[in-house]
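Offset between the sequence shown (1-based) and this note's numbering: plus 249. We put the CB at the ideal spot given by N, CA and C, even for glycine. In this text, all values refer to a predicted model and were calculated from it rather than measured experimentally. For reference, the structure is listed below as structure tokens.
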Amino acid sequence: MTNPEQPQSLPGLWCVIPVYNNATTVRAVALACREEVPRVVVVDDGSTDCDVTGLFQNTDIVVLHHRHNLGKGHALLTALTYVRAHGGAFMLTLDADGQHDPRDIRAFLPFLSAPPDTIVLGARRMDAPNVPASSRFGRRFSDFWLRLETGQAVRDSQSGFRLYPVDYVSRLGLKGGRYDFEVDVLAQAAWAGLTIRSVGVGVVYAEKGKRISHFRPFLDNLRITHRHVMLIGRRLLPWPHRRLVPGADDELRLFLRHPVTFLRRLLGEHATPSELAMAAGVGTFLAALPLLSLHTVVIVYVATRFALNRVMAVAIQNLCMPPFVPFVCVEIGYFMRHGRWLSEMTRQTWIHEAPVRLWEWLLGSLVAAPILAVVTGFLVFGVTAALQSRPSKGVQGCES
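What follows is the structure, encoded as structure tokens:
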């Protein structure tokens, strides 16, 4: 069964395949994985379409069972416990539906010699036939939020083809039990100091109506969205995360000891067009809110927590300086309350009724701020992408 060319120096690598009602594909996937990896574990998450153990009689593939369907996250945690108990250092996971080509396991093998604090994602090449538009959108959507939550640019955070360092992942406080597990583990790992990297892999999507998928678009997307909301909330809290890998130099210490180096880092951090656009959008959104005298402080704090370009986030707030943007927000808020625009520009209206105007500013900003943030983000992205794509003019020296 074992490929004669298979590397035998993989003592700590286990391949894990969670399965739920994929009787037609799981055996072929597992046997193909066994050609690449000496140890393969299949986790039967309460399948009802076949006897999963029976599929692997007369093989050395291990089958673990859940009596009832608990979800993909629980299946992976069950496998993680098993692999760790048997001395595994790395857990390579892939789906049982045939979406992934087991031969792409070879792309992960170079990372086995890298520092054992790295999670490697198999970034699917989405130019394959039959890839649903919803999958492309879901991938971009999830990558965007994980970038905010972790500060790391993540490629294909929805891919189930992954390499996990067993010891570190076992020590994370993981919560998601179903598809939201794969979002939670990346955020928790990044906060703990682990590195997230990607490697390109192929993907196979069956024609519409022929692929068996247990992803429930409404319910599972709701769970994933809920997990992102919880992660964003945790990211904003001021107390630090528990780190498993020592972090870089503390910024305050760096500023006090090497202020010039700190300023250079500040100017150059997170400066790709998409990162600058994200910083501009967040800065604009916060600048439109009625955070009286606190805009700069709040923007710096949020930009720091989300690992955004702080220079851009702070500078862009000038677009929302009084009186224009606050006035527009008050008008929108007044219209929301009364169904007509505020036309009285008197001392009574703006001074004596200031608390009411402040409430209307808040209401109106909840409408205007997202629109302004999106528009500003797109404009900054376009301008910075154009500027960064321009070839730099070299300095020509004089010939003697």
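Inclusion of residue 533 and residue 565 in the CB contact set at 8 Å is warranted, their separation being smaller than that value.
Taking the C-beta atoms as reference points, residue 575 is found nearer than 8 Å to residue 610. Collapsing the DSSP output to three states places residue 614 in a helix. Under DSSP, residue 292 shares a beta bridge with 267 and 313. Counting the other Cβ atoms within 10 Å of the Cβ of residue 636 gives fewer than 16, which makes it exposed. Residue 446: member of the beta strand (DSSP E) spanning 444 to 450, first to last residue.
When C-alpha distances from residue 334 are compared across 614, 415, 600 and 299, the shortest belongs to 415. Taking C-alpha positions only, residue 601 is separated from residue 595 by approximately 10 Å. Look at the segment 338 to 410 and you find these whole runs of beta strand (DSSP E), each 3 residues long or longer: 339 to 342 and 367 to 373. Taking each of 431, 424 and 398 in turn and checking the Cα distance to residue 413, the smallest one comes out for 431. Judged by beta-carbon spacing, residue 579 lies within the 8 Å limit of residue 606, meaning their Cβ atoms are closer than that value. Between residue 324 and the set 590, 429 and 537, the nearest pair of CA atoms involves 429. Here the alpha carbon of residue 369 sits roughly 5 Å from the alpha carbon of residue 446. Counting other Cβ atoms within 10 Å of its Cβ, residue 603 stays below 16 and is therefore classed as exposed.
Taking one beta carbon from each stretch, the segment 269 to 286 and the segment 341 to 349 have 3 or more pairs nearer than 8 Å; the two touch. Under the three-state reduction of DSSP, residue 262 is assigned to strand. Taking each of 383, 426 and 291 in turn and checking the Cα distance to residue 263, the smallest one comes out for 291. Taking 8 Å as the cut-off, the Cβ atoms of residue 285 and residue 352 count as close. Check the Cα spacing between residue 437 and each of 477, 328, 450 and 545: the tightest is with 477. Bridge partners of residue 412 according to DSSP: 341 and 369. Annotated three-state conformation of residue 282 is helix, per DSSP.
With a cutoff of 8 Å on beta-carbon distance, residue 546 and residue 535 are scored as not near each other.
With fewer than 16 other Cβ atoms from the protein chains shown falling within 10 Å of its own Cβ, residue 585 counts as exposed. Distance check between residue 411 and each of 356, 299, 399 and 439 places 356 closest, using alpha-carbon atoms only. Within the model, the alpha-carbon separation for residue 332 versus residue 522 is close to 41 Å.
One alpha carbon belongs to residue 485, the other to residue 383, and they sit about 29 Å apart. Residue 407 sits away from residue 426, with the two beta carbons spaced by 8 Å or more. Given a length threshold of 4 residues, each whole run of the alpha helix (DSSP H) inside the segment 533 to 597 is given here in chain order: 544 to 554, 559 to 564 and 573 to 587. Straight through space, the alpha carbons of residue 625 and residue 619 are spaced by roughly 10 Å.
In this chain, the alpha helix (DSSP H) harbouring residue 431 covers 430 to 440.
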